[in-house]
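Residue numbers (numbering that gives the first Met the number 0): 0 to 271.
Glycine included, every Cβ here is placed at the ideal spot set by N, Cα and C.
Note that this is a predicted model, so its numbers are computed, not measured.
Take a look at the structure below.
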Amino acid sequence: MHGRRPSPLPPPRKRLGQHFLTDRRTLERIADAVDPQPGETIIEIGPGRGALTDLLVDRAERLVAIEVDTLLVPVLRARYAASPHVRIVEGDVLDLSLPALAEGAWALVGNVPYYITTPIIFQALRSPRPSRMVFLVQREVAERVAAPPGSDAYGALSANVQALARAELVARVPAGAFHPRPKVDSAILRLTPRPDPVVTPEEEAPFSRLVQGAFGQRRKQMRRVVRALYDLGGEGAEALLGACGIEATARPETLGPEAFARLLRAAGALPR
Numbered sequence: 000m001h002g003r004r005p006s007p008l009p010p011p012r013k014r015l016g017q018h019f020l021t022d023r024r025t026l027e028r029i030a031d032a033v034d035p036q037p038g039e040t041i042i043e044i045g046p047g048r049g050a051l052t053d054l055l056v057d058r059a060e061r062l063v064a065i066e067v068d069t070l071l072v073p074v075l076r077a078r079y080a081a082s083p084h085v086r087i088v089e090g091d092v093l094d095l096s097l098p099a100l101a102e103g104a105w106a107l108v109g110n111v112p113y114y115i116t117t118p119i120i121f122q123a124l125r126s127p128r129p130s131r132m133v134f135l136v137q138r139e140v141a142e143r144v145a146a147p148p149g150s151d152a153y154g155a156l157s158a159n160v161q162a163l164a165r166a167e168l169v170a171r172v173p174a175g176a177f178h179p180r181p182k183v184d185s186a187i188l189r190l191t192p193r194p195d196p197v198v199t200p201e202e203e204a205p206f207s208r209l210v211q212g213a214f215g216q217r218r219k220q221m222r223r224v225v226r227a228l229y230d231l232g233g234e235g236a237e238a239l240l241g242a243c244g245i246e247a248t249a250r251p252e253t254l255g256p257e258a259f260a261r262l263l264r265a266a267g268a269l270p271r
């Protein structure tokens with residue numbers, strides 16, 4: 000058991016959004032989904048009391064667990080004191096350089112509180128990116144991220160993430176799998192960074208603005224969306240869309256990230 004010994008466990012802290020996953024089958028599905036590879040560092044966000052860490056410690060060559068709860072950090076350090084390949088880092092994941100912690104190839108996993116889900120996803124998708132990411136998040140968020148174009152859940156978040164990664168909803172997780180029980184169900188979300196992202200790092204911010212602007216008018220046809228976004232007349236809007244291979248009557252919710260990227264580049268070539 001790697002010299003682990005029981006330590007007093009502090010209660011869950013509501014202000015940190017703590018809901019500890021206790022269901023063994025779900026823990027194993029997460030560990031299987033992250034699938035540590037030889038030579039990789041696994042970075043775990045929010046190890047909590049170590050339930051998932053216990054599974055990863057036997058699978059990963061190197062494991063870095065980032066915990067913001069100052070009461071849990073000493074518990075975790077004592078628990079894995081006899082495991083030299085495990086490092087417990089105290090801090091807020093949003094303040095840390097994840098690639099620097101990894102020192103080479105890495106993958107990311109964690110039970111992520113709702114209020115930091117989106118910032119963590121986009122922080123991790125900045126280069127150098129991990130090989131894959133597996134998050135336990137609110138079910139609604141996972142469904143939105145993984146939603147295909149044309150579905151009810153597809154929106155700006157879907158397009159922005161899918162421009163950079165392949166998204167897969169691995170499994171739905173009921174609220175009863177946690178302690179304390181949250182108000183909503185969760186899901187396991189796996190993201191695999193694309194080897195050929197739809198946008199370059201320099202294009203990410205304007206791409207996001209375009210997508211947000213388009214989905215702010217998601218029920219309008221693209222001819223009207225483009226007219227509003229780029230201050231064009233009807234003919235100019237239709238010509239711009241035609242150059243991108245986008246139907247003027249299409250609606251934003253039917254366009255994949257590739258179409259938005261073509262529109263971004265074509266609009267960038269418009270005379271100022």
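| query | result |
| --- | --- |
| Tell me whether the beta-carbon of V133 lies closer than 8 angstroms to the beta-carbon of R189. | yes |
| Taking the alpha helix (DSSP H) that E237 falls in, what are its first and last residues? | G233 to C243 |
| For V88, list the residues DSSP reports as bridge partners. | I65 |
| Go ahead and label R4 buried or exposed: buried means 16 or more other beta carbons lie within 10 angstroms of its beta carbon, across all protein chains shown. | For R4, the predicted model reports a pLDDT of 49, less than 50, meaning its position is unreliable and no value from the coordinates is stated. |
| What's the gap between the Cα of A155 and the Cα of E203? | 13 angstroms |
| Nearest CA to the CA of P127: which residue from T117, T116 and A106? | A106 |
| Tell me whether the beta-carbon of V172 lies closer than 8 angstroms to the beta-carbon of A186. | yes |
| Is it buried or exposed for H275, if we count other Cβ within 10 angstroms and need 16 for buried? | Given a span of 0 to 271 for the chain in the structure shown, any question on residue 275 remains unanswerable. |
| Return the Cβ separation of E89 and T69 in integer angstroms, given the expectation that the two are a contact with Cβ distance under 8 angstroms. | 7 angstroms |
| For R125, tell me which candidate among D34, E252, R193 and Q220 has the shortest Cα-Cα distance. | R193 |
| Counting only the same chain and skipping the five closest in sequence on each side, list residues whose C-beta sits under 6 angstroms from that of R76. | I87 |
| List the whole-angstrom C-beta distance separating V108 from V33, where the pair is believed to meet the contact cut-off of C-beta under 8 angstroms. | 4 angstroms |
| Under 8 angstroms between the Cβ atoms of G47 and N110? | yes |
| Compute the distance between the beta-carbons of D184 and A174, then report whether it is under 8 angstroms. | yes |
| Is V183 helix, strand or coil when you go by DSSP? | coil |
| If we count Cβ pairs, one from each stretch, closer than 8 angstroms, do we get three or more for the stretch 134-143 versus the stretch 219-234? | no |
| Could you please give the first and the last residue of the uninterrupted alpha helix (DSSP H) stretch that includes S212? | The amino acid at residue 212 is misidentified as Ser; the sequence shows Gly. Residues E203 to F214. |
| Taking G109 as part of the beta strand (DSSP E), name the residues at either end of that continuous run. | W105 to N110 |
| Report the CB separation of A162 from A260 in whole angstroms; it is logged as a contact under 8 angstroms. | 7 angstroms |
| Sorted by chain position, which residues of the same chain lie with C-beta nearer than 7 angstroms to P200's C-beta, five sequence neighbours on each side aside? | S126 |
| Does the distance from the C-beta atom of R250 to that of R217 stay below 8 angstroms? | yes |
| Should A77 be flagged as near chain D, meaning a C-beta pair shorter than 8 angstroms? | Among the protein chains of the structure shown there is no chain D, as only one such chain exists. |
| Going by the DSSP bridge assignment, what does H178 pair with across the sheet? | F19 |
| Give the secondary structure of R3 by DSSP, where H, G and I count as helix, E and B as strand, and everything else as coil. | In this prediction, R3 has a pLDDT of 49, which is less than 50 and means its spatial position is unreliable; what the coordinates show is noted afterwards. R3: coil per DSSP, three-state reduction. |
| Return the residue from the list L262, H178, E257 and V92 that minimises the CA-CA distance to E66. | V92 |
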